[in-house]
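Single-structure report; data block below.
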Amino acid sequence: MTELNIAVLGAGIVGLTTVLELKKEFRNATIDIIADKFYDETTSFVAAGIFRPPTGDFGVNENVTRMWIKNSYSYWDNLKSSSDAEQLGAKEVCGYIFSKEYPHIVRNKYLESLVPLYRQATDEELKMCPGEWKYGSYFSTLLIDPTKYLKWALNKAKNSDINIIKKKLESFSEIDRKYDILVNCTGFGGKILCGDSSIVPLRGQICKVRAPWIQNFFYGDNDTYIIPSFDNVTLGGCRQYDSYNTEVSILDYQAIRSRCENLLPSLKKAELISHRVGLRPHRIPLRMEKEYCNVKGAKIKIVHNYGHGGYGVTTAPGTALNAIQLVKEMLSERSKL
Ligand SMILES: Cc1cc2nc3c(=O)[nH]c(=O)nc-3n(C[C@H](O)[C@H](O)[C@H](O)COP(=O)(O)OP(=O)(O)OC[C@H]3O[C@@H](n4cnc5c(N)ncnc54)[C@H](O)[C@@H]3O)c2cc1C
């Protein structure tokens, strides 16, 4: 039997989750991860890590989106209940979403059918935080701390004989011909590598503060969120369309702090730990696709799995499973080569 060689491009949350699932499926294959950035250099490191899908579709249709979200939730829920939960940074969190604007903002059709608890906020709860909150929900969901998970997943990959190759790919033509198939999880890097104009940076900035008294998450209008993690609380945020700025903006920081402190005044005494900035790989729909790519007269098999926008933690496992299904299909499509 000939040996199967697979390369996963990208070592963010999408690439690492995909590689671990691939190894389960193809135990005897040789699998490499090729990436130029790891751990704290990735966008994944910046994420607050809350499992909160968008209210609209980001797959080709609602069924696909729902399948990704359902499979992701069950993956994270299993890890949360495992003995590694603390080490990999998965736990359940509960909290509120409030809005002064529209009732639909506090509803989420995907979460409501998935999580154990999703209910309307009571009149008393609507008065809990300053502001004239008109609509609100209280729900449970999962939190995955990417700073823990990325470390755990990379170690697990190394311990599973997955080779780590640090390299920036300028084009697919640089890929070694030994690979039978590539899985492209390059996030925002897909824009340049694939010449994909559908992918747009959606700049985000957050800060981490010390506020151990905050146990619930809180969402308000205008991208305001307060999310307790393991040893810090994330304050956010912003979504700046087509911005390539990866520098910390003090103006954004001041605006974030002020919005969060208006929502929860006790945050005024929270000590600042750090700032983080990242470019979300925004693409609708996310690219989940097979491609036979012509490189110097040869055809390379590629499965694309990138463009997770602001939802890479929420959807990495579900999209990884979908990508593996496409890998299996492509490997059996010998006639097309
Ligand atoms: C402020 C902020 C808060 C967020 N909060 C959340 C949240 O709470 N929940 C949630 O679900 N999502 C959240 N997100 C979104 C989430 O961070 C992204 O969706 C996710 O990180 C995308 O992961 P990725 O693995 O696709 O990309 P990345 O983490 O960017 O990884 C891409 C990988 O590809 C490699 N690569 C790219 N191009 C090349 C190349 N040419 N050659 C070699 N290697 C290459 C990189 O080196 C890197 O290893 C947030 C994002 C931001 C910015």
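Under the UniProt record's numbering, the sequence shown has 90 at position 90, and the numbering climbs by one with no breaks.
We treat Cβ as the ideally placed atom computed from N, Cα and C, and that holds for glycine.
Computed from a prediction, not measured in an experiment: that's the story for all the values here.
Residue i versus residue j: straight-line alpha-carbon distance, rounded
i    : j    : result
L9   : I34  : 5 Å
K127 : I199 : 40 Å
Q215 : L264 : 12 Å
T234 : H275 : 10 Å
L150 : K269 : 30 Å
M330 : N155 : 29 Å
D161 : A29  : 10 Å
F172 : N61  : 29 Å
F217 : K158 : 34 Å
R52  : I97  : 11 Å
S243 : S197 : 14 Å
F188 : L202 : 10 Å
D36  : K168 : 5 Å
A48  : E112 : 21 Å
Q240 : Q205 : 9 Å
E333 : V115 : 38 Å
E291 : C94  : 41 Å
H119 : E125 : Checking the sequence shown, residue 119 turns out to be Arg, not His. In a straight line, the C-alpha of R119 is about 12 Å away from that of E125.
P103 : V327 : 41 Å
E261 : E25  : 47 Å
A121 : F139 : 9 Å
E174 : G309 : 27 Å
K299 : V19  : 23 Å
S229 : V277 : 17 Å
S335 : K80  : Note that S335 has pLDDT 49, beneath the 50 cutoff, so the model's placement of it is unreliable and the number below is only indicative. One C-alpha to the other measures close to 42 Å.
L88  : V248 : 27 Å
Simplified DSSP state of residue i, which is helix, strand or coil
i    : result
A320 : helix
S274 : strand
L331 : helix
Y102 : coil
D252 : helix
N63  : helix
A157 : helix
V46  : helix
E289 : strand
A7   : strand
K134 : coil
V19  : helix
G89  : coil
L235 : strand
N163 : strand
Y219 : strand
V115 : coil
K269 : helix
S229 : coil
S72  : helix
Y244 : coil
D196 : coil
Contact test: residue i Cβ vs ligand 2 heavy atom, cutoff 8 Å
i    : result
Q240 : This structure simply doesn't include ligand 2; it includes ligand 1 instead.
Rounded Cβ spacing between residue i and residue j (contact assumed at less than 8 Å)
i    : j    : result
V14  : C185 : 4 Å
S137 : R107 : 7 Å
L142 : A90  : 6 Å
D180 : I6   : 7 Å
K100 : K134 : 5 Å
G190 : G307 : 7 Å
K109 : T42  : Not quite, the Cβ-Cβ distance comes to about 30 Å (not below 8 Å), so this is no contact.
D57  : T65  : 4 Å
T224 : S72  : Actually they are not in contact, since the Cβ atoms of T224 and S72 sit about 25 Å apart, beyond 8 Å.
I324 : L22  : 6 Å
Residue i CB to nearest heavy atom of ligand 1 below 8 Å
i    : result
R287 : no
Y311 : yes
D36  : yes
I13  : yes
G237 : yes
R203 : yes
V303 : no
E21  : no
F51  : yes
R283 : no
Y306 : yes
L169 : yes
S274 : no
P265 : no
V209 : no
G10  : yes
I199 : no
C94  : no
R177 : no
E62  : no
Beta carbon proximity, residue i to chain B, threshold 9 Å
i    : result
Q120 : Within the model displayed, chain B is absent; a lone protein chain is all it includes.
message: Counting beta carbon pairs with one atom in the region 247 to 258 and one in the region 136 to 156, are three or more of them shorter than 8 Å?
response: no
task: Count the CB pairs spanning the region 315 to 335 and the region 234 to 243 that are closer than 8 Å, and state whether there are at least three.
output: no
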